[in-house]
Amino acid sequence: MSSHQDDPTLDPQEQFTSLMRGLGTRTILHQQNVAASLGLYNNDFISLDILRETGPITAGELSKKTGLATGSITSLVDRLEKIGYVRRQNDPNDRRRVIIVPEYESKEEIRNTYEPLHKAMLNLASSYTPEELALISQFIGNASTVLEEQIQHLSSTTRSKSSKTTR
Numbered sequence: 008m009s010s011h012q013d014d015p016t017l018d019p020q021e022q023f024t025s026l027m028r029g030l031g032t033r034t035i036l037h038q039q040n041v042a043a044s045l046g047l048y049n050n051d052f053i054s055l056d057i058l059r060e061t062g063p064i065t066a067g068e069l070s071k072k073t074g075l076a077t078g079s080i081t082s083l084v085d086r087l088e089k090i091g092y093v094r095r096q097n098d099p100n101d102r103r104r105v106i107i108v109p110e111y112e113s114k115e116e117i118r119n120t121y122e123p124l125h126k127a128m129l130n131l132a133s134s135y136t137p138e139e140l141a142l143i144s145q146f147i148g149n150a151s152t153v154l155e156e157q158i159q160h161l162s163s164t165t166r167s168k169s170s171k172t173t174r
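With the first letter of the sequence shown counted as 1, position 100 gets the number 107 in the working numbering; the numbers rise by one all the way through.
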């Protein structure tokens, strides 16, 4: 941890925000290392994580959530389908659309990669009371909402800037 985070004169909310930023950085670094250990590109792994959260979605929806172009998503899905991490399925409501279905959770290499972190997090969680875990869970949910709003804001700002430069 940096000395900035350990500064006792720092406002508690600023210190907390700094710790959260550090947690975000460590989460990204962990994610990159997991992707590398599985032989995946980081965007492929991010897409798998999105599919874990959302369940089956269309390539267009995955493109919006990742910020990747639809052509890049097609190549990404091709790679993931080839190794059995996703499958394409016709949309039962619109035969012209294809849904990307996650299939990777049952893979042994995924379980083996995540099991140490999962066990460590369960051990950490066991050091808190149910009431404390409820509060922490509420905070994480609210923080996720804030992050999602910021992602949307940044992506709309980026689209706006890129459309002005192409005119």
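Backbone N, C-alpha and C define an ideal beta-carbon position, used for all residues, glycine too.
Since we're looking at a predicted model, the values are computed, not measured.
Looking only at its chain, what residues have a beta carbon closer than 8 Å to the beta carbon of residue i, apart from the 5 residues adjacent to it on each side?
i: Val105; result: Thr65, Ala66, Arg95, Gln96, Asn97, Asp98
i: Gln2; result: Any answer about residue 2 is impossible in this case: the structure gives the chain only from 8 up to 174.
i: Ile143; result: Tyr135
i: Thr77; result: Ala66, Gly67, Ser70
CB residue i to CB residue j, shorter than 7 Å?
i: Val93; j: Glu112; result: no
i: Ser54; j: Leu69; result: yes
i: Leu83; j: Asp56; result: no
i: Gly74; j: Ser162; result: yes
i: Thr120; j: Ser44; result: yes
With DSSP as the reference, please indicate the residues paired to residue i in a beta bridge.
i: Val105; result: Asn97
i: Thr61; result: None, per the DSSP bridge assignment.
Taking just the CA atoms, how far does residue j sit from residue i?
i: Arg59; j: Thr24; result: 27 Å
i: Gly46; j: Asn40; result: 10 Å
i: Ala150; j: Ala132; result: 18 Å
i: Glu88; j: Leu154; result: 29 Å
i: Val108; j: Thr61; result: 10 Å
i: Glu115; j: Gly91; result: 12 Å
i: Pro137; j: Phe146; result: 14 Å
i: Ile158; j: Thr152; result: 10 Å
i: Gln22; j: Gly31; result: 14 Å
i: Arg86; j: Glu156; result: 30 Å
i: Leu139; j: Asn100; result: As written in the sequence, residue 139 is Glu, which differs from the Leu given in the question. So the alpha carbons of these two residues sit roughly 43 Å apart.
Starting from the C-beta of residue i, find all residues in its chain whose C-beta is less than 7 Å away, skip the five residues before and the five after it, and write them out in chain order.
i: Ala141; result: none
Residues in the same chain with beta-carbon distance under 6 Å from residue i, minus the five sequence neighbours each way, listed in chain order, please.
i: Met8; result: In this prediction, Met8 has a pLDDT of 47, which is less than 50 and means its spatial position is unreliable; nothing more can be read from the coordinates.
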